[in-house]
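J.: My structure is below; once you've seen it, I'll send some questions.
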Amino acid sequence: MRPRTAASSAYPAALKQYQPTEADAAESVLGSPLLAQRPGPIFVEFATPGLFLPVSEALNVNLELQTSETFLLGKQHLQQSGRSISVAQPNLVGVGLTERRLPHPDDHISSDNGEYYGSIKPYRHLQADHAADGLGLTMMIAVTSTCCNPKAQARRNAIRQTWIRRASSIRPDAVIKFFLAQPASGEPFADAVRLLKRELLEHNDTVVLRGQEEYARLPSKTFGLLRYAAALPSGWTHLVKTDDDCYVRIDYVEAALAWQRAAESPEPAPGKADTGYIEPSTASFRGEVLPTPRMHKVYLGCLENKGGFRPIRDSQSKWFISEGSMPDSKVPWGHRYLAGWGYVLSRDVVDHVINKLAAFQNDAEAAPRWFQTLQWEDVLVGLLVSDYVDELQSHPGFKTAWRSCTNETAIRHLDVDAPRLFQGLYEQELSGLWANKSIQCSSGSFEPGDYNGWRGWRNTLPEVAFI
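Sequential numbering of the sequence shown, starting at 0, is according to numbering that gives the first Met the number 0.
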């Protein structure tokens with residue numbers, strides 16, 4: 000089998016080894032396969048930007064390492080791009096990020112369980128004044144999903160028909176991709192190939208990553224996603240990493256970045272000291288400057304576990320970690336991290352993470368005790384950024400599955416309510432209702448903000464993993 004590599008002039012010279020044949024050229028337009036109803040192979044992007052393989056090859060776990068993958072996994076791809084970052088504090092056990100809880104305009108209006116109510120005006124105004132060509136803010140949205148079954152495919156299609164459609168209209172320059180791993184052992188391979196081929200006939204937004212699709216291998220999947228993103232020759236500045244059971248409002252994600260900068264401003268606008276917000280309609284003649292999105296050292300999302308990381312030793316839980324697989328001596332006790340279902344990283348933070356990964360993988364002695372044993376990708380990301388990012392940025396717009404969908408919601412984790420609630424949320428967003436008030440966004444019988452009530456309801460559902 001001939002290794003295929005990207006041939007675009009935007010890629011490093013080391014990737015320009017494969018010269019497309021006439022047959023390849025006939026099946027490609029500007030480096031992307033023509034996904035049309037026709038005989039012959041259907042291609043999917045695999046592991047690295049611009050590397051397209053036939054679906055049956057891309058889903059094969061025994062596929063030989065491709066040339067562009069070898070280059071991507073090496074240290075040189077960051078060093079040649081001038082983004083090399085030194086690795087400091089390799090043993091990070093006990094090193095924790097401090098939390099910066101961003102000020103909320105309605106902090107004084109809250110229920111006993113911490114849910115927020117009321118109208119938040121800054122979001123719409125901030126988004127309207129932060130055009131892409133004005134601030135250089137370009138988003139990449141990476142959605143992790145499962146390969147390749149009808150349930151996961153239904154989620155992806157529901158997302159394409161709802162919040163991705165809106166995100167694409169707001170941010171036509173955004174890069175939006177679904178990331179799948181290879182089929183897990185025991186899954187019918189022919190069925191997986193057939194399902195993905197059918198999907199690719201209509202959509203060219205999918206990347207297959209190397210490694211089997213298993214819950215315990217989520218770190219490998221996430222790090223493959225980050226490597227792909229870092230190698231992408233587009234000018235994205237912020238990466239939104241989310242899962243296929245989440246609803247994303249991209250303008251509110253951007254507003255959270257701007258709000259964060261406003262909250263950090265040493266001199267808030269007169270009369271707006273609580274929020275740092277400046278009304279755009281008056282800024283022009285008052286000579287004030289609107290807060291701009293934070294562009295560097297961004298680690299923004301939801302601090303779901305305020306007590307930090309602790310292994311769950313309950314064997315019935317989907318998050319069970321046995322003493323044998325991770326003894327107490329290797330646990331990064333109490334380390335704070337942002338929930339993995341939805342967070343934002345600036346490009347420099349992504350580069351830092353993959354550079355740390357390369358250093359730890361190439362020098363086992365430099366790796367901390369938890370590196371080989373920790374299975375939770377969100378905890379690992381939090382640990383890997385902790386010597387670079389001063390503080391994690393927890394924002395109230397990133398909503399857990401047990402909280403209400405207030406009007407400032409940026410990313411909502413729907414969990415078991417995905418994908419059936421996507422369309423309803425989308426319609427309420429298009430109508431403008433969600434911009435002005437809290438809306439219903441759960442089918443469960445629990446009070447918003449009540450984790451134990453939500454957990455109890457969830458654990459009664461059939462065919463749902465116990466937590």
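Heads up, the beta-carbon is just placed ideally off N, CA and C, and yes, glycines get one too.
Owing to the predicted nature of the structure, the values given are computational and were not obtained by experimental measurement.
Quick one: what does DSSP say Thr66 is sitting in, helix, strand or coil?
T.: Thr66: helix per DSSP, three-state reduction.
J.: Which one of Leu256, Ser316 and Leu383 has the shortest CA to CA distance from Thr236?
T.: With distances taken between Cα atoms, Thr236 lies closest to Leu256.
J.: Taking only three categories from DSSP, how would you classify Thr143?
T.: Correct three-state label for Thr143: strand.
J.: In three-state terms, what does DSSP make of Pro218?
T.: In this structure, Pro218 counts as helix in the three-state DSSP scheme.
J.: Tell me the residue span of the beta strand (DSSP E) that contains Glu407.
T.: Here Glu407 belongs to no beta strand (DSSP E), and DSSP marks it neither H nor E.
J.: Report the CB separation of Ala228 from Ala141 in whole angstroms; it is logged as a contact under 8 Å.
T.: Their Cβ separation, rounded to whole angstroms, is 6 Å, which keeps Ala228 and Ala141 in contact under 8 Å.
J.: Rounded to the nearest angstrom, what separates Glu446 and Arg197 at their Cα positions?
T.: The alpha-carbon atoms of Glu446 and Arg197 are separated by roughly 41 Å.
J.: Assess contact between the segment 173-188 and the segment 447-466, defined as three or more Cβ pairs (one per stretch) separated by less than 8 Å. Is contact present?
T.: These segments do not touch.
J.: Using the Cβ count rule (16 or more neighbours within 10 Å means buried), how would you classify Leu58?
T.: So Leu58 counts as buried.
J.: Between Gly93 and Gln422, what straight-line distance do the alpha-carbon atoms span, to the nearest angstrom?
T.: Summary for Gly93: the model assigns pLDDT 36, below 50, so the residue's position carries little reliability; its value from the coordinates is reported in the next sentence. Each residue's Cα considered, the two are about 43 Å apart.
J.: Excluding the five sequence neighbours on either side, which residues of its own chain have a C-beta within less than 7 Å of the C-beta of Lys436, listed in chain order?
T.: The residues are Asn406.
J.: Starting from Lys176, trace the beta strand (DSSP E) both ways and give me its first and last residue.
T.: Unbroken beta strand (DSSP E) run through Lys176: Val174 to Gln181.
J.: In the DSSP assignment, what residue or residues form a beta bridge with His237?
T.: According to DSSP, which records beta bridges pairwise, His237 is partnered with Met138 and Ser345.
J.: Bridge partners of Gln211, per DSSP?
T.: Answer by DSSP bridge pairing, in chain order: Gln181.
J.: Between which two residues does the alpha helix (DSSP H) holding Leu195 run?
T.: Unbroken alpha helix (DSSP H) run through Leu195: Phe188 to Leu199.
J.: Closest by CA to Thr408, which one among Gly223, Tyr251, Glu390 and Lys150?
T.: That would be Tyr251, whose Cα lies nearest to the Cα of Thr408.
J.: What would DSSP say about Ala310, mapped onto helix, strand or coil?
T.: Note that residue 310 is Pro in the sequence shown, not Ala. The answer is coil: DSSP assigns Pro310 none of H, G, I, E or B.
J.: Out of Ile320, Lys150, Glu63 and Cys245, state which residue places its alpha-carbon closest to the alpha-carbon of Ile468.
T.: For the chain, the structure presents residues 0 to 466; residue 468 sits outside this window and is missing.
J.: Taking DSSP as the reference, what is the three-state secondary structure of Val247?
T.: Of the three classes helix, strand and coil, the one that applies to Val247 here is strand, per DSSP.
J.: Whole angstroms are fine: how far does the CA of Val352 sit from the CA of Ala365?
T.: Taking the straight line from one Cα to the other gives about 15 Å.
J.: Can the beta-carbon of Ala180 be found closer than 8 Å to that of Leu208?
T.: Yes, Cβ-Cβ distance for Ala180 and Leu208 is below 8 Å.
J.: Would you call the segment 318-338 and the segment 419-433 in contact, with 3 or more CB pairs under 8 Å?
T.: No, because fewer than three Cβ pairs between the segment 318-338 and the segment 419-433 fall closer than 8 Å, the two stretches do not touch.
J.: So which of Glu212, Gly431, Met138 and Thr161 has the shortest CA-CA distance to Cys147?
T.: Cα-wise, what sits closest to Cys147 is Glu212.
J.: Would you call the segment 359-376 in contact with the segment 396-406, where contact means no fewer than 3 C-beta pairs closer than 8 Å?
T.: Verdict: no, contact absent.
J.: The alpha helix (DSSP H) with Phe421 in it runs from where to where?
T.: Phe421 to Leu429 is the extent of the alpha helix (DSSP H) around Phe421.
J.: Excluding sequence positions up to five away, which residues of its chain have a Cβ less than 6 Å from the Cβ of Arg170?
T.: Within the same chain, Arg170 has close Cβ partners Met138 and Ile249.
J.: Could you check where the beta strand (DSSP E) with Val330 kicks off and where it finishes?
T.: Element bounds for Val330: n/a, residue is neither H nor E.
J.: Look up Thr372 in the DSSP assignment and give the residues it is bridged to.
T.: Answer is none; Thr372 lacks a bridge partner.
J.: Does DSSP classify Val60 as helix, strand or coil?
T.: The answer is coil: DSSP assigns Val60 none of H, G, I, E or B.
J.: Just confirm the distance between the C-beta atoms of Val348 and Tyr298, as a whole number of angstroms; I'd bet it's less than 8 Å.
T.: Contact flag correct, Cβ pair sits at about 6 Å.
J.: Which word fits Pro461, buried or exposed, when buried means at least 16 other C-beta atoms lie within 10 angstroms of its C-beta?
T.: The residue in question, Pro461, is exposed, as its Cβ has fewer than 16 Cβ neighbours within 10 Å.
J.: According to DSSP, is Gly455 helix, strand or coil?
T.: Looking at Gly455 - three-state DSSP - the assignment turns out to be helix.
J.: Distance, Cα to Cα, Thr4 vs Thr69?
T.: Low local confidence applies: a pLDDT of 37 at Thr4 is under 50, so the model's placement there is unreliable, with the coordinate-based value given in what follows. Cα-Cα distance, rounded: 10 Å.
J.: Only counting the same chain, and skipping five residues up and downstream in sequence, which positions put a Cβ closer than 6 Å to that of Val378?
T.: Phe308 and Tyr336, listed in sequence order.
J.: Shortest alpha-carbon distance to Ala151 belongs to which of Leu195, Val384, Glu56 and His412?
T.: Considering only alpha carbons, the answer is Leu195.
J.: Under 8 Å Cβ to Cβ from Pro269, same chain only, skipping five residues before and after it: list those, please.
T.: Unreliable positioning characterises Pro269 in this predicted model, as indicated by a pLDDT of 43, which lies under 50. A coordinate reading is not provided.
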